[in-house]
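Engineer: For reference, the structure I am asking about is given below.
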Amino acid sequence: MEPITPSFHSFHFHALDSEIEMLLRCGEKDRSLVTQITEDWFRDVEKRFNPLLAGSEIALLNMLAGENCMVSNTMLEVLFLAEMYQAVTDGCYNPLLAHGTQASPLEWEVDPSMKSIKIPQDSNIDLRGLEHGWAVKRLAEYMRKRLSMEQGLILAGGAITVWGRNLASIDPWVIGIQSPWQPSAKLGAVAMPEGSLATYSRLEHPASGPVSDVVQCTVAGQDLVECQVWAKTLAQLGIQEGLKLMGARTSVCEAVVLSSAQELHYFGNKASLQRRWIDMHIDHYHFQDKVS
401 MEPITPSFHS FHFHALDSEI EMLLRCGEKD RSLVTQITED WFRDVEKRFN
451 PLLAGSEIAL LNMLAGENCM VSNTMLEVLF LAEMYQAVTD GCYNPLLAHG
501 TQASPLEWEV DPSMKSIKIP QDSNIDLRGL EHGWAVKRLA EYMRKRLSME
551 QGLILAGGAI TVWGRNLASI DPWVIGIQSP WQPSAKLGAV AMPEGSLATY
601 SRLEHPASGP VSDVVQCTVA GQDLVECQVW AKTLAQLGIQ EGLKLMGART
651 SVCEAVVLSS AQELHYFGNK ASLQRRWIDM HIDHYHFQDK VS
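With the first letter of the sequence shown counted as 1, position 112 gets the number 512 in the working numbering; the numbers rise by one all the way through.
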């Protein structure tokens, strides 16, 4: 008897204020297990990180601003991740708010022995979606390493992570990039054997402050959280300042940025235009030799 080859199965969830789609190469017997694990994971993330949910860990942390608050290892991991990206982006990403405005720099006191954090009084933590990217990243790692899912795709809002197509005999994942003005039209596509992609559109997220010359940007790399942070940073800082900072701080991310003049800017390695970015009409090139 020939062995049964696992096929692709699709899964759909509504969580983290997004429609989440998964495509996993697995056996039929794994479907119920995958569904239960995913539902439990996103439920736990909501209970921990949703500031509007009474009793959530982050709501308690905000309520106790100015006092030492014991937190879980998971919360410590995400808050330290937020602190790191604040430093990497020179404060453009800033998850600490004071009276509804950004407070800089982000300062908190950590007691490693007690696993406690004290944020400044009259302030609160707003992770600005970083926790969502982190949750999808961790779920993908679990599916890949713990459940041995050889190939998979997880899509949540404008973020996607894929894996399992590194062999020359297998076609890479091909992800289309939607035009912000014409939902049925594509700006092009990205081919990735594995990695992550995040798209941020000003039209979907109107700016509360000064508007930059970026309408939409798509960042490709390995780490989903990194891609999300840079997509939002580029949209906030604008093409010139944003790409300058990105070029100085990342060695693995590439991007296509659509300007308000309807021109497409490419940032990355010249060789990637032939193997990663497909069917795109690029108007301006910003080649970075160190990007691979």
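Just so you know, even glycine gets a beta-carbon here, dropped at the ideal spot from N, CA and C.
DSSP state of His686, grouped into three classes?
Structural biologist: Strand at His686.
Engineer: Taking the alpha-carbon positions, what's the Ala648 to Ser410 distance?
Structural biologist: The straight-line gap from Cα to Cα measures roughly 39 angstroms.
Engineer: Quick one: using the 10 Å Cβ neighbour count with 16 as the cut-off for buried, is Trp677 buried or exposed?
Structural biologist: Counting Cβ neighbours within 10 Å, Trp677 comes out buried, since at least 16 surround it.
Engineer: In chain order, what residues of the same chain lie with their CB nearer than 8 angstroms to the CB of Asn473, ignoring the 5 residues before and after it?
Structural biologist: Correct list, in chain order: Lys515.
Engineer: Hey, how far is the Cα of Asp490 from the Cα of Lys429?
Structural biologist: Straight-line Cα distance between these residues: approximately 48 angstroms.
Engineer: Helix, strand or coil for Trp534? Go by DSSP, reduced to three states.
Structural biologist: In this structure, Trp534 counts as helix in the three-state DSSP scheme.
Engineer: Locate the beta strand (DSSP E) running through Val575, then write down its first and last residues.
Structural biologist: Note on identity: in this sequence residue 575 is Ile, with Val being the wrong assignment. Note, Ile575: beta strand (DSSP E), 573-578.
Engineer: Taking the alpha-carbon of Met549 as reference, which of Gly557, Trp563, Lys537 has the nearest alpha-carbon?
Structural biologist: Among Gly557, Trp563, Lys537, the Cα nearest to that of Met549 belongs to Trp563.
Engineer: Around the Cβ of Pro495, are there at least 16 other Cβ atoms within 10 angstroms (buried) or fewer (exposed)?
Structural biologist: Looking at its Cβ environment, which holds 16 or more other Cβ atoms inside 10 Å, Pro495 is buried.
Engineer: Ignore the nearest five residues each way along the sequence and tell me which others in Arg528's own chain have a CB closer than 8 angstroms to its CB.
Structural biologist: Tyr493, Pro495, Lys632, listed in sequence order.
Engineer: Just checking my contact of Ala498 with Ser523 at CB under 8 angstroms: how many whole Å lie between their CB atoms?
Structural biologist: So it is a contact: roughly 5 angstroms between Cβ atoms.
Engineer: Where Val611 and Ile570 are concerned, what is the direct C-alpha to C-alpha distance, given to the nearest angstrom?
Structural biologist: For Val611 and Ile570, the distance between alpha carbons rounds to 42 angstroms.
Engineer: Quick check: what's the CA-CA separation for Gly466 versus Glu626?
Structural biologist: Their backbone Cα atoms lie some 30 angstroms apart in a straight line.
Engineer: Counting Cβ pairs closer than 8 angstroms, one from the region 637-646 and one from the region 582-589, do we hit at least three?
Structural biologist: Cβ pair count under 8 angstroms is below three, so no.
Engineer: Have a look at Pro583, Leu643, Arg448 and flag the residue whose alpha-carbon is nearest the alpha-carbon of Gly668.
Structural biologist: Checked all of Pro583, Leu643, Arg448; the closest Cα to Gly668 is Leu643.
Engineer: In the DSSP output, which residue or residues are listed as bridge partners for Asn494?
Structural biologist: None, per the DSSP bridge assignment.
Engineer: Roughly how many angstroms separate the alpha carbons of Glu421 and Arg675, rounded to a whole number?
Structural biologist: Their backbone Cα atoms lie some 26 angstroms apart in a straight line.
Engineer: Give the DSSP bridge partners of Thr561, in chain order.
Structural biologist: In DSSP, Thr561 forms a bridge with Ile554, Ser596.
Engineer: Under three-state DSSP, which class holds Cys627?
Structural biologist: DSSP places Cys627 in helix when its eight states are reduced to three.
Engineer: Is DSSP giving Glu467 helix, strand or coil here?
Structural biologist: Coil.
Engineer: Hey, Gln622 and Thr599 are a contact pair by Cβ (cut 8 angstroms); roughly how many whole angstroms apart?
Structural biologist: Rounded, the Cβ-Cβ distance is 16 angstroms, inconsistent with contact.
Engineer: My assumption, with CB atoms under 8 angstroms, is that Arg425 sits in contact with Phe413. Please give the rounded CB distance.
Structural biologist: Not really, about 18 angstroms apart at Cβ, beyond 8 angstroms.
Engineer: Between Ala559, Leu539, Val478, Phe480, which lies nearest to Arg443 when the distance is taken from Cα to Cα?
Structural biologist: Ranking the options by Cα distance to Arg443, first place goes to Leu539.
Engineer: Apply the 10 Å Cβ neighbour rule to Pro403 and answer buried if 16 or more other Cβ atoms are within range, or exposed otherwise.
Structural biologist: Model confidence at Pro403 stands at a pLDDT of 42, short of 50, so the residue's coordinates are unreliable and nothing is read from them.
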